[in-house]
Structure formats: C-alpha cells, structure tokens
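Engineer: Let me begin by handing over the structure; questions about it come next.
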Amino acid sequence: WDETHFGKMGSYYINRTFFFDVHPPLGKMLIGLAGYLSGYDGTFPFQKPGDRYEQHNYVGMRGFCAFLGSCLVPFAYLTVLELSKSLPAALLTAFILIFDTGCITLSQYILLDPILMFFLLGAVLSMVKCNSCADRPFSASWWFWLSLTGVNLAGAMGVKFVGLFVVLLVGLNTIYDLWDLLGNLSLSLVVFGKHLLARVLCLILLPLALYTAMFAVHFTVLNKSGPGDGFFSSAFQSQLIGNNLYNVSVPEHLAYGSVVTMKNLRMAGGYLHSHWHLYPEGIGARQQQVTAYLHKDLNNLWIIKKHDSDTADLSDPSSPVEFVRHGDIIRLEHKETSRNLHSHQHEAPLTRKHFQVTGYGINGTGDSNDFWQIEVVGRKAGKLIKVLRSQVRLTHVATGCILGSSGKTLPKWGWEQVEVTCTPYLKETPNSLWNFEDHINPKLPNISLDVLKPSFAEILLESHMVMIRGNSGLKPKDNEVTSKPWHWPINYQGLRFSGVNETDYRVYLLGNPVIWWLNLVSIGLYLLMAVSTAVTLKRGVQLTSELKELSRVVLRGGGQITLGWLLHYLPFFMMGRVLYFHHYFPAMLFSSMLTGITWDTLLKFCAGFLSPSPTARRVYGGGFLTLVLLIMYSFYLFHPLSYGMIGPMASDPSSPMAGLRWMDSWEF
1 WDETHFGKMG
11 SYYINRTFFF
21 DVHPPLGKML
31 IGLAGYLSGY
41 DGTFPFQKPG
51 DRYEQHNYVG
61 MRGFCAFLGS
71 CLVPFAYLTV
81 LELSKSLPAA
91 LLTAFILIFD
101 TGCITLSQYI
111 LLDPILMFFL
121 LGAVLSMVKC
131 NSCADRPFSA
141 SWWFWLSLTG
151 VNLAGAMGVK
161 FVGLFVVLLV
171 GLNTIYDLWD
181 LLGNLSLSLV
191 VFGKHLLARV
201 LCLILLPLAL
211 YTAMFAVHFT
221 VLNKSGPGDG
231 FFSSAFQSQL
241 IGNNLYNVSV
251 PEHLAYGSVV
261 TMKNLRMAGG
271 YLHSHWHLYP
281 EGIGARQQQV
291 TAYLHKDLNN
301 LWIIKKHDSD
311 TADLSDPSSP
321 VEFVRHGDII
331 RLEHKETSRN
341 LHSHQHEAPL
351 TRKHFQVTGY
361 GINGTGDSND
371 FWQIEVVGRK
381 AGKLIKVLRS
391 QVRLTHVATG
401 CILGSSGKTL
411 PKWGWEQVEV
421 TCTPYLKETP
431 NSLWNFEDHI
441 NPKLPNISLD
451 VLKPSFAEIL
461 LESHMVMIRG
471 NSGLKPKDNE
481 VTSKPWHWPI
491 NYQGLRFSGV
501 NETDYRVYLL
511 GNPVIWWLNL
521 VSIGLYLLMA
531 VSTAVTLKRG
541 VQLTSELKEL
551 SRVVLRGGGQ
561 ITLGWLLHYL
571 PFFMMGRVLY
581 FHHYFPAMLF
591 SSMLTGITWD
601 TLLKFCAGFL
611 SPSPTARRVY
621 GGGFLTLVLL
631 IMYSFYLFHP
641 LSYGMIGPMA
651 SDPSSPMAGL
661 RWMDSWEF
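Numbering-wise (the UniProt record's numbering), the sequence shown opens with residue 1 and increments by one.
As structure tokens, then:
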C-alpha cells in the first residue's frame with residue numbers, strides 16, 4: 001500500500017534525487033537514513049504492493065518504523081502514570097496499545113504514521129512531565145522536559161501537517177499554565193516574564209529553528225533533477241543538477257524580438273504551447289489550438305513582438321535593442337506556426353464562462369484580438385521584465401480577460417494537454433500568472449542563472465505553497481472508496497494493505513474490535529463521570545481525600561486527554577481532502593489513554609462504595625483482570641489481520657477467519 005510511496009521517497013534521498021510530496025520532509029528523510037545506515041542501496045523500484053524485495057535490504061527501514069511504533073506503548077504508559085498516579089490505569093493503556101491489531105499493522109511497514117505518532121506522543125509525555133515539575137520551575141528537569149516538548153513538536157510538524165493539532169494542544173496547555181501563574185500573587189511580574197520567555201524560547205523559537213533546519217537539510221541532500229522538478233518554479237529548478245536550466249546562461253531582461261517559453265505558475269501548470277491542430281467543429285472558433293504542455297518542446301517557443309509594427313527590423317543586428325516594460329502592449333507569435341496568440345468571446349472548451357484562446361493570423365499578421373498587455377506582479381509601470389524571477393500577467397486588450405491555465409485535461413482531440421483559457425474573473429491566482437523560462441536573443445549579453453538563484457527563505461516559502469496546494473488538490477476521485485470521519489471510532493471499515501484474492505497473502509488494517517468499541521464506550525462513560533464530578537464539586541459535597549484525588553484525575557488528567565482526542569479528531573469533519581481510516585490513529589492513542597484512566601477511576605469509585613469490606617479489593621482486581629483477558633483473547637482471535645491471512649475469505653465457513661466478520665463492511 002503506502003510503502004510504494006514512502007519507500008520510494010527513502011530511495012530518492014539515498015540517490016539524492018529531487019521529488020515532491022504533500023508532507024514536510026522529516027519522516028521520509030528518517031526512512032532514507034534508516035535505509036542508508038542498514039545497507040539499502042536505493043535501487044528497489046517500489047512499483048506496486050506485493051512486489052518481492054528479493055535481495056534488497058529493506059529490513060532497516062521497516063525495523064526503524066516498527067521500533068518507533070513500539071515506543072508508543074511506554075510513552076502512553078508513562079503519560080497515564082503521570083496523569084493518574086495509578087499503575088493499573090497505565091498498565092491497562094499499555095495492554096490496549098500492545099494488543100491492538102491496527103497499531104501493529106500500521107507500525108510494521110515503511111509508513112509515516114508510526115513516525116508521526118512517536119513525536120506526537122513524545123510531545124504529550126514531555127508536556128505532562130513538564131507540568132509535574134511546576135513546583136520547581138527553572139530546575140534542570142523542568143528545562144529538559146520543556147525543551148524536549150519543543151523538539152517533539154518540531155518532529156510532529158516535520159512529518160505531517162496534522163502535527164499542528166498537537167501544537168495546538170500544547171499551546172492551549174501553555175496558555176492555561178500562564179493564566180494560572182498570572183493569578184498567583186506571590187509571583188512578581190519579573191518572574192512571570194521569565195516564565196513567558198522560557199516558553200517562547202522552548203515552544204516557539206526552538207521548534208521553528210528545527211523545522212527550518214529540516215528543510216535546509218532536505219534541499220541540500222536533494223540536489224539532482226527528478227520527478228518533482230515540474231511542481232516548482234523555473235528559478236528553483238535552475239539549481240538542480242541535470243535539469244535543463246542548470247548552469248545555463250540567458251539574457252536577463254526581456255526585449256522585443258526575443259524567443260521565449262512561458263511557464264504557468266500553478267502546480268504542474270505547464271508551458272504555453274500551440275501546434276498545427278485546430279479546435280474541432282462545434283468547440284468555439286475553428287482556429288489553431290493553444291494549450292499548456294508539461295514537457296519541453298519546440299512548440300513551446302513564442303516570439304515577442306510590438307503590437308503595432310512588425311519585428312522584422314528588430315532581427316537586424318544593427319538595430320537598437322528595445323526592452324519590454326511593465327504595462328507594454330505586445331503580440332506573441334508562435335515560432336513554429338507563425339500564428340499569434342489570440343482570444344475572443346467564444347466560450348472555452350471545458351471551463352464555462354471563460355473565453356477560448358487560439359492561434360490566429362498568417363505569418364504574424366492578425367487582428368486587434370492578438371494584443372495583450374503585459375504586467376509584472378508588484379511592479380510599477382516602465383520597469384523591465386526579468387527572466388525566471390518576474391511573475392507576469394497577460395491581459396487581453398479587447399476583452400479585458402486574463403490568460404491562464406485551468407488545470408483541466410483536454411480530451412483526445414487536444415492530445416490530453418492542459419486547457420488554456422482567458423478568464424474574465426480578475427482575481428490573483430497562480431493559474432493566471434506566468435514566468436519566462438527560456439530566453440533567446442543574440443543581441444543581448446547572457447548572464448548565468450546563478451545570479452537569479454532564489455534565497456533559502458524564498459525556497460522555503462515556495463515549497464510550503466506547493467505542499468498546501470498539493471494537499472488541497474487531494475480530492476476524492478469518482479467511484480473511489482473513501483472513509484468518513486464518523487466511520488473511524490466505530491471501526492466501521494478497514495483498509496486493504498496488500499492482497500485481494502484467496503491466493504494472495506492478505507494484510508488488512510482494522511482496529512481490534514473489542515478494544516475500539518471499549519474505547520468508544522469509555523468516551524461516553526468519561527463524559528458522564530466528568531459531568532457528575534463537576535456537579536458534585538460545585539454543590540460543595542464533602543469528599544474524602546481519596547475521592548478528592550480521584551475527581552482531580554478525572555477533571556484535570558482526563559480533561560487534557562479528552563481535549564487531545566477532540567483536537568485530533570474533529571478537524572477531519574471540516575477537511576475537503578480525501579480521507580483514510582489511518583488518519584484516526586493519532587486520536588485513537590488519546591482515546592486509549594482515556595480508557596485506562598476512565599476504567600481505573602470507575603473501578604476505584606465502585607470499590608470505594610464497598611469498602612472497607614474485603615469485596616472492594618476483589619471488585620477492583622476482578623474488573624481489571626476481566627478487561628485485560630478480554631483484550632488479550634480478542635487479539636488472539638484477530639491477530640491474522642496484522643500478520644497476514646492466507647486461504648479462503650472470511651465469508652467461507654472453512655476460512656480460519658470464519659465467524660469473525662462481525663460487520664458486513666469489513667472486507668477480509
């Protein structure tokens with residue numbers, strides 16, 4: 001399944017080949033590093049799930065992910081122990097994570113999820129430990145846990161953007177702490193200022209520095225041209241060894257008579273392109289097609305001409321050079337076919353209410369619909385236009401629309417290239433911005449593209465823009481089976497990791513049903529307990545010291561964990577991108593910790609009502625043992641989901657999994 005992506009990306013790091021992914025780079029860099037250190041050479045193609053690794057050494061990468069996945073158990077154990085001060089609560093949480101088939105399946109392959117959850121739970125543990133040092137601020141242990149929280153936040157953010165949710169959790173906890181300190185009148189404002197500065201340093205500046213450093217390493221390592229080039233700007237591509245812009249010299253400023261290529265700034269937007277083929281009958285005017293094409297081609301070349309005169313005299317070596325300036329009105333003539341870039345009020349082939357763009361005229365002679373005004377974003381009139389760096393907009397003089405690439409793929413008659421339209425909607429989007437990439441003009445001196453090299457800050461900003469656009473572009477395809485957030489807590493449907501047929505070795509990602517349904521029940525139980533505890537305290541009911549301690553655990557410890565669960569679950573209801581079952585696992589860690597705290601507290605309450613009789617201990621011990629045995633037995637039943645099933649499907653009575661398909665939506 002996703003090993004085909006992340007294993008391949010690990011190989012790219014080992015081979016130093018540039019690629020694009022919608023997630024920040026830390027997870028893939030660590031996978032690549034684990035492969036490199038364990039002797040993997042980066043040559044396995046990672047084509048499709050089920051391909052055999054043969055002699056390739058993949059164990060290091062899988063082992064690394066499995067190790068980080070295994071760390072979730074002690075992290076959750078220590079977090080619950082710190083919050084509840086109860087060994088049984090911590091043990092119950094640990095048993096839940098050890099015997100959950102979903103956590104095992106997700107941790108044993110080359111995936112980003114175990115790495116993300118390692119940093120996420122590491123941040124929660126460090127935060128909780130730091131809170132417990134609150135009585136001795138600025139001690140060595142306090143600084144250690146505060147700094148470690150910052151390091152883990154940077155790690156979580158550096159693996160996937162959903163790491164933002166744990167940043168939010170730590171942020172809310174910090175605000176609560178500071179608000180508490182502000183009300184402590186025994187603290188001077190100077191000491192409060194120190195507290196504030198310490199948190200800014202460790203929880204904002206340190207994570208940001210580490211996060212930025214990850215990208216610095218990422219761009220330093222990936223210095224060769226690869227499959228990700230086209231997603232980035234021409235200026236960025238000029239730094240990649242093997243890219244056709246690397247070490248190239250071109251004239252810096254655009255002049256009339258120059259031969260150029262124009263690249264659209266939308267992600268994978270393509271080059272402005274035309275060819276001899278005409279638009280078919282019934283689609284706008286039957287004139288020459290203009291498209292955007294993703295590859296380098298002679299049909300991407302255009303000549304810049306003045307709108308009111310022929311540029312033949314400009315090709316004369318003795319004539320003076322005249323530069324194109326911001327605000328000029330120009331004509332673009334297609335070099336191969338000598339037709340002008342043209343638009344009119346016919347509708348575009350695919351995008352409604354946009355105008356058609358065509359190639360028109362003979363040998364550069366057309367009409368007034370061939371005139372375009374060229375403007376540079378953020379520049380004043382009369383400024384020169386730079387190759388690579390200037391972002392330009394072309395406005396059609398006659399209709400006022402703007403030239404852009406819609407990103408839609410044309411049918412067979414358009415050679416499945418990208419539609420180019422003229423949009424009457426004048427909002428600034430990458431679709432309607434272009435930059436000049438190739439530039440040929442024998443009359444101008446060439447400069448090395450190194451001069452136009454973008455700074456690190458510009459590269460960092462660009463890579464984030466591309467990642468955000470890529471993420472929002474992950475829409476569900478037609479007929480694609482996607483998962484809904486309400487499916488997840490009820491374990492409604494799993495994910496096929498590998499194998500479909502009876503002859504295949506099949507692995508299926510599904511949570512251990514007993515554990516997941518226990519977690520679901522526990523959330524409801526916890527809410528009931530929290531409300532009744534809050535009401536009891538509000539009414540001033542006299543409680544024993546033991547019950548007071550239990551109510552503190554329920555409201556403070558359980559509250560923090562519940563907030564973590566809500567922050568890692570509810571945002572998915574608002575996301576437009578395609579979602580999968582594995583997106584719930586960070587939230588599942590929180591609900592497992594909540595289960596440990598809830599049942600421990602509930603059993604203690606029950607035992608408290610029965611004490612001092614000897615049955616009290618038996619109720620507590622018996623309840624705990626029942627839960628653990630139930631969890632272990634359910635793991636025994638469902639463990640083939642994680643470790644692989646062979647033979648007939650579960651619907652067949654002779655299958656080893658017969659009778660375990662408790663829900664029709666489970667596909668094993």
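In this text, a Cβ means the ideal position worked out from N, Cα and C, and glycines have one as well.
DSSP puts TYR271 in a beta bridge; with which residues?
Structural biologist: For TYR271, which the question treats as bridged, DSSP gives the partners LYS263 and TYR293.
Engineer: Compute the beta-carbon to beta-carbon distance between LEU641 and PHE668, rounded to the nearest angstrom, for a pair I have assumed lies under 8 Å.
Structural biologist: Confirmed, about 6 Å.
Engineer: For the beta strand (DSSP E) containing LEU332, name the first residue and the last one.
Structural biologist: Note, LEU332: beta strand (DSSP E), 329-334.
Engineer: Need the endpoints of the alpha helix (DSSP H) that VAL204 sits in, please.
Structural biologist: The question names Val, but residue 204 is Ile in the sequence shown. Careful: ILE204 lies outside any alpha helix (DSSP H) and carries neither H nor E.
Engineer: Would you call LYS548 buried or exposed, if buried means 16 or more other Cβ atoms sit within 10 Å of its Cβ?
Structural biologist: With fewer than 16 Cβ atoms within 10 Å of its Cβ, LYS548 is classed as exposed.
Engineer: I need the straight-line Cα distance from HIS295 to VAL514, nearest angstrom please.
Structural biologist: The alpha-carbon atoms of HIS295 and VAL514 are separated by roughly 53 Å.
Engineer: Cα separation between GLN289 and TYR12?
Structural biologist: So the alpha carbons of these two residues sit roughly 37 Å apart.
Engineer: Measuring CB to CB, does GLY155 end up less than 9 Å from LEU203?
Structural biologist: No, Cβ-Cβ distance for GLY155 and LEU203 is not below 9 Å.
Engineer: Which residues mark the beginning and the end of the alpha helix (DSSP H) in which ASN435 is found?
Structural biologist: Per DSSP, ASN435 belongs to no alpha helix (DSSP H); it is in the beta strand (DSSP E), 434-440.
Engineer: Are SER274 and ASN299 touching if we call contact CB-CB under 9 Å?
Structural biologist: Result yes, Cβ atoms of SER274 and ASN299 sit closer than 9 Å.
Engineer: Give me the DSSP bridge partner(s) of HIS253.
Structural biologist: DSSP, once it has assigned bridges, lists LYS386 as partnering HIS253.
Engineer: For VAL392, which three-state DSSP category applies?
Structural biologist: Strand at VAL392.
Engineer: Taking 8 Å as the cut-off, does the segment 24-42 touch the segment 107-126 (at least 3 CB pairs, one atom from each stretch)?
Structural biologist: Yes: at least three Cβ pairs fall under 8 Å.
Engineer: Is the CB-CB distance between GLN493 and SER665 below 9 Å?
Structural biologist: Contact: yes.
Engineer: Please return the same chain residues whose Cβ sits closer than 6 Å to the Cβ of SER147, not counting the five positions on each side in sequence.
Structural biologist: Cβ neighbours of SER147 beyond the five flanking positions: CYS202.
Engineer: Three or more beta-carbon pairs under 8 Å between the segment 357-364 and the segment 227-238, yes or no?
Structural biologist: The answer is no - the segment 227-238 does not touch the segment 357-364, with fewer than three Cβ pairs under 8 Å.
Engineer: Considering only residues of the same chain and omitting the five flanking positions on each side of ARG199, which have a CB-CB separation below 6 Å?
Structural biologist: Closer than 6 Å at the Cβ level, and outside the excluded window around ARG199, lie THR174.
Engineer: Would you check if the segment 249-258 and the segment 447-466 touch, i.e. whether three or more CB-CB distances between them fall below 8 Å?
Structural biologist: These segments touch.
Engineer: Relative to the alpha-carbon of ILE241, which residue among THR220, VAL259 and THR261 has its alpha-carbon at the smallest distance?
Structural biologist: For ILE241, the nearest C-alpha among the options comes from THR220.
Engineer: According to DSSP, is TRP488 part of a helix, a strand, or is it coil?
Structural biologist: Coil.
Engineer: To the nearest angstrom, report how far apart HIS195 and LEU178 are at their CA atoms.
Structural biologist: Straight-line Cα distance between these residues: approximately 8 Å.
Engineer: Going by DSSP, what residues sit across from PHE323 in a beta bridge?
Structural biologist: In DSSP, PHE323 forms a bridge with ALA255.
Engineer: What number of angstroms, rounded off, separates the C-alpha of LEU68 from the C-alpha of ALA123?
Structural biologist: In a straight line, the C-alpha of LEU68 is about 14 Å away from that of ALA123.
Engineer: Our contact map puts LEU350 next to LEU410 with C-beta atoms below 8 Å; I'd like the distance itself, whole angstroms only.
Structural biologist: Contact holds; Cβ gap of about 7 Å.
Engineer: Can you find the residues in the same chain that come closer than 8 Å, C-beta to C-beta, to LEU37, ignoring five residues on each side of it along the sequence?
Structural biologist: So the list reads GLY60, once near-sequence residues are dropped.
Engineer: Quick check for students: name the residue ranges of the alpha helix (DSSP H) that lie wholly in the segment 139-211, counting only runs of 4 or more.
Structural biologist: Complete alpha helix (DSSP H) runs here, min 4: 140-159, 164-182 and 189-200.
Engineer: In three-state terms, what does DSSP make of MET575?
Structural biologist: Of the three classes helix, strand and coil, the one that applies to MET575 here is coil, per DSSP.
Engineer: Count the other CB atoms within 10 Å of the CB of LEU182; is the residue buried (16 or more) or exposed (fewer)?
Structural biologist: With fewer than 16 Cβ atoms within 10 Å of its Cβ, LEU182 is classed as exposed.
Engineer: Could you have a look at ILE362 and say whether DSSP puts it in helix, strand or coil?
Structural biologist: Here ILE362 sits in strand by DSSP.
Engineer: Quick check on the burial criterion: 16 or more other C-beta atoms within 10 angstroms. Buried or exposed for LYS353?
Structural biologist: By the 10 Å Cβ count, LYS353 comes out exposed.
Engineer: Pick out whichever of LYS383, VAL377, CYS401 and ARG389 has its Cα sitting closest to the Cα of PHE371.
Structural biologist: Nearest option by C-alpha distance: CYS401.
Engineer: To the nearest angstrom, report how far apart LEU444 and ILE304 are at their CA atoms.
Structural biologist: Those two C-alpha atoms are separated by around 14 Å.
Engineer: Do ARG469 and SER432 have their C-beta atoms closer together than 9 Å?
Structural biologist: Contact flag unset, no.
Engineer: Nearest-angstrom Cα distance between ALA398 and ILE329?
Structural biologist: C-alpha separation (whole angstroms): 11 Å.
Engineer: Determine which residues share a DSSP beta bridge with SER405 and list them.
Structural biologist: DSSP, once it has assigned bridges, lists VAL420 as partnering SER405.
Engineer: I'd like the span of the beta strand (DSSP E) that includes TRP302, first residue to last.
Structural biologist: Run containing TRP302: 302-306, per the beta strand (DSSP E) assignment.
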